[in-house]
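*Asks:* Okay, handing you the structure first.
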Amino acid sequence: MKADSSELVRLTESQIEPAAETLAKAFHDYPVFIYVFPDASERRDGLPILLQSFVHYGVLHGEVYATSRNLEGVAVWLPPGYPGGFSIAPEVSKDALDRMAYWGSQVYPVRKRHVPFDHWFLEFIGIIPELQGKGYTGILLTPMLARIEREHLPCYLDTEVEKNVAIYQRYGFSVVEDMEVPGTKVRSWGMLINTGPLEDSGT
Numbered sequence: 103m104k105a106d107s108s109e110l111v112r113l114t115e116s117q118i119e120p121a122a123e124t125l126a127k128a129f130h131d132y133p134v135f136i137y138v139f140p141d142a143s144e145r146r147d148g149l150p151i152l153l154q155s156f157v158h159y160g161v162l163h164g165e166v167y168a169t170s171r172n173l174e175g176v177a178v179w180l181p182p183g184y185p186g187g188f189s190i191a192p193e194v195s196k197d198a199l200d201r202m203a204y205w206g207s208q209v210y211p212v213r214k215r216h217v218p219f220d221h222w223f224l225e226f227i228g229i230i231p232e233l234q235g236k237g238y239t240g241i242l243l244t245p246m247l248a249r250i251e252r253e254h255l256p257c258y259l260d261t262e263v264e265k266n267v268a269i270y271q272r273y274g275f276s277v278v279e280d281m282e283v284p285g286t287k288v289r290s291w292g293m294l295i296n297t298g299p300l301e302d303s304g305t
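Read left to right, the sequence shown gives residues 103 to 305 (my numbering).
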């Protein structure tokens, strides 16, 4: 099955739970979430719940898109002025929430340092594992990046999987920071695509 850009849909609050399920499948073995949920069974149960809060934030304050109503892939985009965040879910252990909060405290300053001006933030993009490599990433990325270019704004993302760096570079992103997040043994790449004049931001 190949992706079809004509089916790209913007998600609403009624689709938060299934969108989080798609992202949880995509990110089950992702280094950040292995750090947050070291136990695989806890990760299987807790990750969809945790991701619901991120998707909810995106629906309320940004834009969340899926490849189709079947939700093969989901992307969460946050506009200027909305740094991102998640709410406390009582079903998720305090230890996991503490690790998630710690992670944010380490990576958010990196983004703030490199883009202390108006920008879009690609917080999540995930494709269910069995459909990866079939064009869904491009379908989710291309329309939004074209719009961001028309708005003359930069776009930032971070990834914790080295092979993803080359994928994002094909869409115009460049690595602005490569770091091992203190206390985690997880490597993170901050990436930026600039489609507007940085001098307008005072940098």
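Idealized CB from N, CA, C, for every residue including glycine.
Note that the coordinates shown come from a computational prediction; the quantities given were computed from them, not determined experimentally.
Nearest CA to the CA of S166: which residue from L125, R145, M293 and D131?
*Replies:* The sequence shown places Val at residue 166, rather than the Ser named in the question. Closest option to V166, Cα to Cα, is L125.
*Asks:* From P185 to S116, what does the alpha carbon distance come to, in whole angstroms?
*Replies:* About 23 Å.
*Asks:* State the beta-bridge partners of W291 as determined by DSSP.
*Replies:* In DSSP, W291 forms a bridge with T261 and D280.
*Asks:* If you run the structure through DSSP and keep just helix, strand and coil, what is A191?
*Replies:* In this structure, A191 counts as coil in the three-state DSSP scheme.
*Asks:* Determine the extent of the beta strand (DSSP E) in which V178 is found, giving its start and end residues.
*Replies:* Residues G175 to L180.
*Asks:* Pair every Cβ in the segment 277–286 with every Cβ in the segment 223–235, then say whether three or more of these pairs are closer than 8 Å.
*Replies:* Not touching, per the Cβ criterion.
*Asks:* May I ask which residues mark the beginning and end of the beta strand (DSSP E) holding F224?
*Replies:* Rather than Phe, the amino acid found at residue 224 in this sequence is Leu. W222 to I229 is the extent of the beta strand (DSSP E) around L224.
*Asks:* If L243 sits next to Y273, beta carbons under 8 Å apart, how far is it from one beta carbon to the other, in whole angstroms?
*Replies:* Sure, about 5 Å apart at Cβ, within 8 Å.
*Asks:* As a quick exercise: from K196, S170 and E123, pick the residue whose alpha carbon is nearest that of F322.
*Replies:* With the chain covering 103 to 305 only, the question about residue 322 has no answer from this structure.
*Asks:* Compute the beta-carbon to beta-carbon distance between A191 and L113, rounded to the nearest angstrom, for a pair I have assumed lies under 8 Å.
*Replies:* Not quite, the Cβ-Cβ distance comes to about 19 Å (not below 8 Å), so this is no contact.
*Asks:* Our contact map puts F129 next to L152 with C-beta atoms below 8 Å; I'd like the distance itself, whole angstroms only.
*Replies:* Actually they do not touch by this definition, with Cβ atoms about 10 Å apart.
*Asks:* Buried or exposed: where does Q154 fall if 16 or more other Cβ atoms within 10 Å of its Cβ makes it buried?
*Replies:* It is buried - the Cβ of Q154 has at least 16 other Cβ atoms within 10 Å.
*Asks:* Classify L81 as buried or exposed, calling it buried when 16 or more other Cβ atoms lie within 10 Å of its own Cβ.
*Replies:* Beyond the ends of the chain as shown, which are 103 and 305, falls residue 81; an answer cannot be given.
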